[in-house]
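Count along the sequence shown from 1, add 58, and you get the number used in my numbering. Glycine included, each C-beta is placed from N, C-alpha and C at the ideal position. Bear in mind that the values here come from a model prediction, so they are computed numbers and not experimental data. Notes follow once the structure below has been shown.
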Amino acid sequence: MWEALGDAGAAVQQWGGVTSWPQVAAQHSDSTSLCPSQSPSVLDGMCKEDADCPMGNPVVHGNGIKTGKCLMFNTTHSTCEIYGWCPVENGTLPRKPLLAEAENFTLFIKNTVHFTKFNFSKCNTLQTTDSSYFKSCTYDPVFNPSCPVFRVRDMVEAAGENFGDLALLGGSIRVLIEWNCDLDHPATQCQPQYSFSLQDRRYNFRTASYYWGSQRQLYRNLLKLYGIRFDLSVHGQAGKFSIVPTAVSFGTSIAFFGAVSTLDTPFFFHLWLGICHFSIVSLPAWAQSFRSASQHRGEMVWHDVSSGLPVTISNDTTGLGS
59 MWEALGDAGA AVQQWGGVTS WPQVAAQHSD STSLCPSQSP SVLDGMCKED ADCPMGNPVV
119 HGNGIKTGKC LMFNTTHSTC EIYGWCPVEN GTLPRKPLLA EAENFTLFIK NTVHFTKFNF
179 SKCNTLQTTD SSYFKSCTYD PVFNPSCPVF RVRDMVEAAG ENFGDLALLG GSIRVLIEWN
239 CDLDHPATQC QPQYSFSLQD RRYNFRTASY YWGSQRQLYR NLLKLYGIRF DLSVHGQAGK
299 FSIVPTAVSF GTSIAFFGAV STLDTPFFFH LWLGICHFSI VSLPAWAQSF RSASQHRGEM
359 VWHDVSSGLP VTISNDTTGL GS
């Protein structure tokens, strides 16, 4: 990555991400002095006479303090003279990224998850003693899932964007790492899944270095960097078979069927037979009184445990009696 180091007053970069800077707008050395305001596009800086430039007032959306003078900017427009960093910053950008080869930069993302409930930890990198492995491999979800070395261009394209377009004015891409692990399987099957999505189409950062000239005048070198920022986000969940919740669920189910067996409603019992289609090997005592009023296809026959007599129930019973 090509990172720029700024002065102590530069904006602090956000944690949890990394930025590649493929576009640099370099501003030549400037100093605190007097100069015309920026282009006529800044309405508050335009003027026709000195009275339009009250001394001491800042230029709204401008870069300095008005001195009280109105100066010719070009043959058709006049702007207020200002005191500030001169010459005024030029916002013109190259049509192509200055660091176009930044698309071939690679980003190594190492991530370790801990599932403390199961005393289980997993890293997304291959456990190897070959020190050159990560210098030559590139991530592939099929052939190299344990090599988290990502090419910048591949990540941008995975987010549905074109590197050349996004690099001009910068942008922000979210990198989501998801862990969904079934710990009943071998640990090697616990692998993260990566996804990329565009968050913002513009991202830039200014930095400057300051120095004193021979005449004890303060100068600065200003850089405006346009970068592609990658924000990392990690989500994870894991599961494992446990006999305790399984036994509780099984016991609850048994209690439910026990409650069903106490109902003295023959139709309800027949409805369960018709829906579930399971084989009955025994009946409770109250089932001795069931008889079928008519017999059709799909009859189920079993023996009553208490009397040993055969009992027939039909899936198409039209009448039940005691």
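Boundaries (first-last residue) of the beta strand (DSSP E) holding residue i
| i | result |
| --- | --- |
| Arg-232 | 229 to 240 |
| Ser-267 | 262 to 270 |
| Tyr-141 | 136 to 144 |
| Thr-170 | 170 to 173 |
| Lys-180 | 178 to 181 |
Rounded distance between the beta-carbons of residue j and residue i, thought under 8 angstroms
| i | j | result |
| --- | --- | --- |
| Cys-105 | Thr-125 | Incorrect: roughly 11 angstroms between the Cβ atoms, too far for contact. |
| Gly-229 | Arg-259 | 5 angstroms |
| Glu-219 | Leu-256 | 6 angstroms |
| Pro-155 | Leu-226 | 6 angstroms |
| Cys-248 | Lys-180 | 5 angstroms |
| Phe-221 | Cys-205 | Not confirmed; about 21 angstroms, so no contact. |
Residue i, DSSP secondary structure in three states
| i | result |
| --- | --- |
| Lys-106 | coil |
| Gln-251 | strand |
| Pro-244 | coil |
| Asn-162 | helix |
| Gly-222 | helix |
| Lys-127 | strand |
| Phe-201 | coil |
| Leu-101 | helix |
| Thr-310 | helix |
| Gln-185 | coil |
| Val-118 | coil |
| His-93 | The sequence shown places Cys at residue 93, not His. Correct three-state label for Cys-93: strand. |
| Leu-256 | strand |
| Asn-148 | coil |
| Val-207 | strand |
Residue i vs residue j beta-carbon contact at 8 angstroms
| i | j | result |
| --- | --- | --- |
| Phe-263 | Val-207 | no |
| Pro-98 | Glu-139 | no |
| Asp-108 | Val-118 | no |
| Ser-190 | Cys-144 | no |
| Asp-242 | Lys-298 | yes |
| Phe-254 | Ala-217 | yes |
| Tyr-141 | Gly-120 | no |
Range of the contiguous alpha helix (DSSP H) that encloses residue i
| i | result |
| --- | --- |
| Met-213 | 210 to 216 |
| Tyr-277 | Run containing Tyr-277: none in the alpha helix (DSSP H); it sits in the beta strand (DSSP E), 276 to 297. |
| Lys-193 | 191 to 194 |
7 angstroms CB neighbourhood of residue i in its chain, flanking five on each side removed
| i | result |
| --- | --- |
| Arg-274 | none |
| Phe-173 | Ala-296 |
| His-135 | Pro-98 and Met-104 |
| Asn-238 | Gln-295 |
| Leu-276 | Ser-89, Thr-90, Tyr-268 and Trp-270 |
Neighbourhood of residue i by C-beta distance below 8 angstroms, restricted to the same chain and skipping five residues each side
| i | result |
| --- | --- |
| Asn-202 | Cys-195 and Thr-196 |
Close beta carbons around residue i, own chain, < 6 angstroms, minus the five adjacent residues each side
| i | result |
| --- | --- |
| Arg-211 | Glu-161 and Phe-221 |
| Gln-251 | Glu-236 |
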